[in-house]
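Using full-length UniProt numbering, the letters of the sequence shown map in sequence onto residues 1 to 435. Backbone N, C-alpha and C define an ideal beta-carbon position, used for all residues, glycine too. It should be emphasised that the depicted structure is a prediction, and the values quoted were computed from it without experimental measurement.
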Amino acid sequence: MEPIELTLTLVAKFEVGSQPQSQGDISPERCRAIRAVLLDRVQDDEDIELVGDLLMDWSDADWWIACRCTGAPLANAPILHPRVSHAAPDTDAEDKFALVRMPKRGAHHEECPFAGSAGNEAGAAVATDRGPRAMVRGLSVLTATHSRQATATGGGAHLADSNPRGKRIPTMARVLFTLLEAGGLQKVHVRKFSLADQLSTLRDVISRRFMDDAELFPAAGWVRTSLSEFNDLARLLAEERSVKAWPRGLRAHGLIIDHVGKVRERSGRLFLAPTHGQELEVHGRVRRPGAETVGPYVAIMLVTVPRAGGAAVISQAYLHPAADSKGLLLVDSDLERKTLGQLLILQHKLRSESGDKVEIEKPYLDHYGPGIRPDFIVAYADRKVVVETMGYIGEDYAERKKRTQAEMLSIGPVLHDESPHDTILSRLVKALQDP
């Protein structure tokens with residue numbers, strides 16, 4: 001006997017004897033993703049990330065889930081509640097999430113998928129951000145096994161902010177980091193390069209990359225560097241000949257990299273506001289490292305055709321804070337923006353006073369060991385100094401910073417910027433110039 005289709009409704013957490021208050025129905029596509037990940041244990045990274053994000057958000061909001069399998073009124077529906085367990089920092093463990101059944105709230109229909117799950121909960125795990133952050137080979141982020149609905153409008157607009165403990169690094173983020181580093185755009189040289197120069201470098205990098213790991217299908221045309229090129233990409237996705245040319249095992253899609261000033265939420269819909277140009281709607285998930293750091297962002301956006309014969313849409317996006325809107329350099333926080341400002345003062349000072357050249361680097365990938373990514377590396381002559389921005393995110397964050405310091409010493413001396421209560425310039429000059 002085939003289990004019936006899941007039908008789920010969000011409800012605010014309530015006391016026994018109280019009437020549950022609906023917070024809205026969960027879309028059929030999200031219900032199918034929940035079933036695939038928690039009950040069928042389908043190992044699809046995108047679905048796992050989506051369900052993990054949803055359960056974490058619902059747990060934070062104190063929302064429970066009513067299963068409508070019995071057809072009973074909401075007051076008598078079986079209830080599940082999300083449970084999230086974060087892995088300890090700097091371990092190989094994974095963040096775990098589950099939907100826990102509440103037996104006292106009534107039984108599920110015998111054909112309901114939750115009726116047959118083992119024990120009182122259905123759960124899964126999502127890898128954290130603490131493993132190696134490696135360069136990607138092919139730039140494609142969608143395989144042929146990704147359903148059209150799961151990657152676009154079917155998932156519904158959803159803004160997902162990672163917590164400080166970290167989550168799995170989205171594939172699109174790794175693509176962005178790979179392209180920027182391949183162009184040397186993680187470095188600030190004495191000679192300043194305009195945004196136009198940086199975008200030209202990025203386009204040159206893209207012209208030499210491929211969408212597939214076998215490096216047979218060029219990325220040119222499928223990866224763009226301006227939201228103004230959305231219509232061109234949409235036309236390409238509408239061409240049957242172009243779509244059929246994609247390698248077997250991959251689904252046709254495009255990527256756009258551009259500055260975004262803000263994410264706007266209106267009536268349950270999400271819009272990206274570029275620093276220049278018109279807003280564009282994102283029909284699925286928008287991810288960013290955290291809500292605390294405001295724009296501008298450097299965004300990488302996934303463009304797909306969610307329905308056969310339909311129009312192309314931006315179905316997902318990953319936004320990473322930028323140092324400013326004049327370049328493509330990324331930062332992880334507002335405090336890092338302030339630290340970078342101090343480093344730029346030093347760079348200009350040494351150049352003006354003695355002609356000495358100082359290079360500033362912000363690594364995005366793991367070049368010094370798994371999880372070892374200094375906030376900044378300052379290079380002067382044959383010396384390098386690591387500069388770590390010490391934020392105020394939490395004890396776990398600070399402890400992890402201290403534990404990685406010993407491994408960073410292989411690069412050079414490590415200085416901590418306690419900004420805004422500290423100036424690092426004098427200590428940095430001493431570390432760079434001392435024999």
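DSSP places R337 in the uninterrupted alpha helix (DSSP H) bounded by 334 to 354.
Taking V84 as reference, the option from R191, Q198, V100, P78 with the minimal CA-CA separation is V100. Ranked by how close their Cα comes to the Cα of L346, the residues R337, I360, L335, D434 have I360 in first place. Annotation: R351 to V190 spans about 8 Å, alpha carbon to alpha carbon.
Under DSSP, T304 shares a beta bridge with V313. Contact check between the region 306 to 319 and the region 335 to 342: fewer than three CB pairs, one atom from each, fall below 8 Å, which does not count as touching. DSSP places T178 in the uninterrupted alpha helix (DSSP H) bounded by 171 to 182.
Judged by DSSP secondary structure, Q278 falls outside any beta strand (DSSP E); it is assigned neither H nor E. Between L319 and A291, the CB-CB gap reaches or exceeds 7 Å.
Contact annotation: K362 and F376 have beta-carbon atoms nearer than 7 Å.
Taking the Cα positions, Q19 is about 17 Å away from L8.
Per DSSP, S22 lies in no alpha helix (DSSP H) segment; the continuous beta strand (DSSP E) that holds it begins and ends at 22 to 25. Sorting V282, H253, P247 by C-alpha distance to the C-alpha of G268 places V282 at the top.
In the structure shown, S228 falls within a helical segment according to DSSP collapsed to helix, strand and coil. For T201, the closest of D212, I257, P78, D161 by C-alpha to C-alpha distance is I257.
Excluding the 5 residues flanking it on each side, A312 has same chain C-beta neighbours closer than 6 Å at A234, L237, V303, V305, in chain order. Taking a cut-off of 8 Å for Cβ pairs, the region 401 to 418 and the region 370 to 388 touch, as three or more such pairs fall below it. A direct Cα-to-Cα measurement between H416 and L425 gives close to 11 Å. Around the beta carbon of E336, 16 or more other beta carbons lie within 10 angstroms, which makes this residue buried.
Counting only runs that start and end inside the region 359 to 383, the beta strand (DSSP E) elements of at least 3 residues fall at 376 to 380.
Between the region 325 to 335 and the region 175 to 192, the count of Cβ pairs shorter than 8 Å is three or higher; the stretches touch.
Non-local C-beta neighbours of D161 in its own chain, meaning closer than 7 Å and more than five positions away in sequence, comprise R288, G290, A291, ordered along the chain. Rounded to whole angstroms, L255 and P218 show a C-alpha spacing of 13 Å.
The shortest CA-to-CA distance from Y297 to any of V286, S315, P321, I314 is the one to P321.
As computed with DSSP, W58 is found in no beta bridge at all.
Inclusion of L227 and P170 in the CB contact set at 7 Å is not warranted, their separation being larger than that value. Rounded to the nearest angstrom, the Cβ distance from E388 to V429 is 17 Å, too far for a contact under 8 Å. Distances from the alpha-carbon of H253 to those of R264, V223, E229 put V223 closest.
Residue environment analysis places D62 among the exposed positions, since fewer than 16 neighbouring C-beta atoms fall within 10 angstroms of its C-beta. The region 207 to 265 contains, as complete alpha helix (DSSP H) runs of 4+ residues, the segments 230 to 238, 240 to 244 (chain order). Secondary structure of A134 (DSSP, three-state): coil. For C67, the uninterrupted beta strand (DSSP E) run begins and ends at 63 to 67, by DSSP.
Contact annotation, L250 with S140: C-beta distance approximately 5 Å; criterion of less than 8 Å satisfied. Considering only S194, E111, S333, the residue with the shortest C-alpha distance to M390 is S333.
Here DSSP, grouped into helix, strand and coil, assigns T9 to strand. A317 counts as buried, since no fewer than 16 other beta carbons sit within 10 angstroms of its beta carbon.
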